[in-house]
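Numbering (my numbering), first residue to last: 1351 to 1574.
Glycine residues also receive a C-beta, built at the ideal position from the N, C-alpha and C atoms.
Remember, predicted model here, so these are calculated numbers, not experimental data.
What follows is a set of notes on a single structure, which appears directly below.
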Ligand code: PAF
């Protein structure tokens, strides 16, 4: 594993045949392990996986959990101790005058998380664009857990003509259905017990939707 701590060093790296980036904020868990496995499959035998670690202040709302966000330095290092991974905390310029922002009229950025966390996707797009510029990855992996982020990053790549392919990785879940997330550790015992109800409710809604679509089709066919 090479550990790279400056942008200059990252940009001076000899270019691998194929470089696949797993961008993270460093509080690694099982889902990141799966992403590294997927990344490795996409690099081919002479490519390399780059794992970036940066708790990006631009994507945290004022008064949110930036200070509290888990920064388990030791666990992170153990986790990435595998050949060909790189560890890059990009210095993010707090004084930058240029940012990457989805137009606010777009429903992609002004609904759901974009509505409750204004500024969040601007922070994500800015740092992801910087990572793409610094590391020039051929492909980058994003989890479907943060589906809106995945869609917005895909759109940014298309709009700004980045050459990076965006690969979606299915959500990795705990045994009881809760999506693996760094922030799960904020939950107390009671909240942790309740949390999987979200997944169960979504599955029930999807099943009900599928069932009524089937009934509807059956109805249409019997009326022909
Ligand atoms: O999904 C995340 O962990 C972050 O939003 C990302 C993509 C690393 C950008 O900071």
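Residue i classed as buried or exposed, judged by whether at least 16 other C-beta atoms fall within 10 angstroms
i	result
residue 1547	exposed
residue 1406	buried
residue 1499	buried
residue 1472	buried
residue 1481	buried
residue 1383	exposed
residue 1377	buried
residue 1360	buried
residue 1449	exposed
residue 1572	exposed
residue 1461	exposed
Cα-Cα separation, residue i to residue j
i	j	result
residue 1410	residue 1470	6 Å
residue 1399	residue 1574	56 Å
residue 1403	residue 1557	38 Å
residue 1372	residue 1424	19 Å
residue 1369	residue 1453	30 Å
residue 1494	residue 1504	12 Å
residue 1459	residue 1465	7 Å
residue 1416	residue 1560	40 Å
residue 1555	residue 1569	21 Å
residue 1364	residue 1351	15 Å
residue 1456	residue 1474	16 Å
residue 1543	residue 1534	11 Å
residue 1501	residue 1381	19 Å
residue 1540	residue 1520	27 Å
residue 1412	residue 1566	47 Å
residue 1517	residue 1395	18 Å
residue 1553	residue 1506	30 Å
residue 1528	residue 1445	38 Å
Start and end residues, beta strand (DSSP E) containing residue i
i	result
residue 1370	1369-1374
residue 1490	1489-1493
residue 1405	Looking at the DSSP string, residue 1405 is not in any beta strand (DSSP E), and its letter there is neither H nor E.
First and last residue of the uninterrupted alpha helix (DSSP H) at residue i
i	result
residue 1517	Run containing residue 1517: none in the alpha helix (DSSP H); it sits in the beta strand (DSSP E), 1515-1519.
residue 1393	1380-1393
residue 1475	1470-1485
residue 1422	Unbroken run through residue 1422: none, as it is neither H nor E.
residue 1552	1547-1572
residue 1460	1457-1460
residue 1411	Residue 1411 -> no alpha helix (DSSP H), and no H or E assigned at all.
residue 1535	Where residue 1535 is concerned, there is no enclosing alpha helix (DSSP H), given that its DSSP letter is neither H nor E.
residue 1361	1357-1361
residue 1497	1497-1509
residue 1542	1539-1544
*asked:* Between the region 1484-1496 and the region 1379-1392, can you find at least three pairs of beta-carbon atoms closer than 8 Å?
replied: yes
*Mind listing, in chain order, the residues whose beta carbon lies closer than 5 Å to a non-hydrogen atom of ligand 1?*
1373, 1375, 1406, 1474 and 1477
*State whether the region 1505-1516 contacts the region 1478-1487, with contact taken as three or more CB pairs (one from each stretch) at a distance under 8 Å.*
yes
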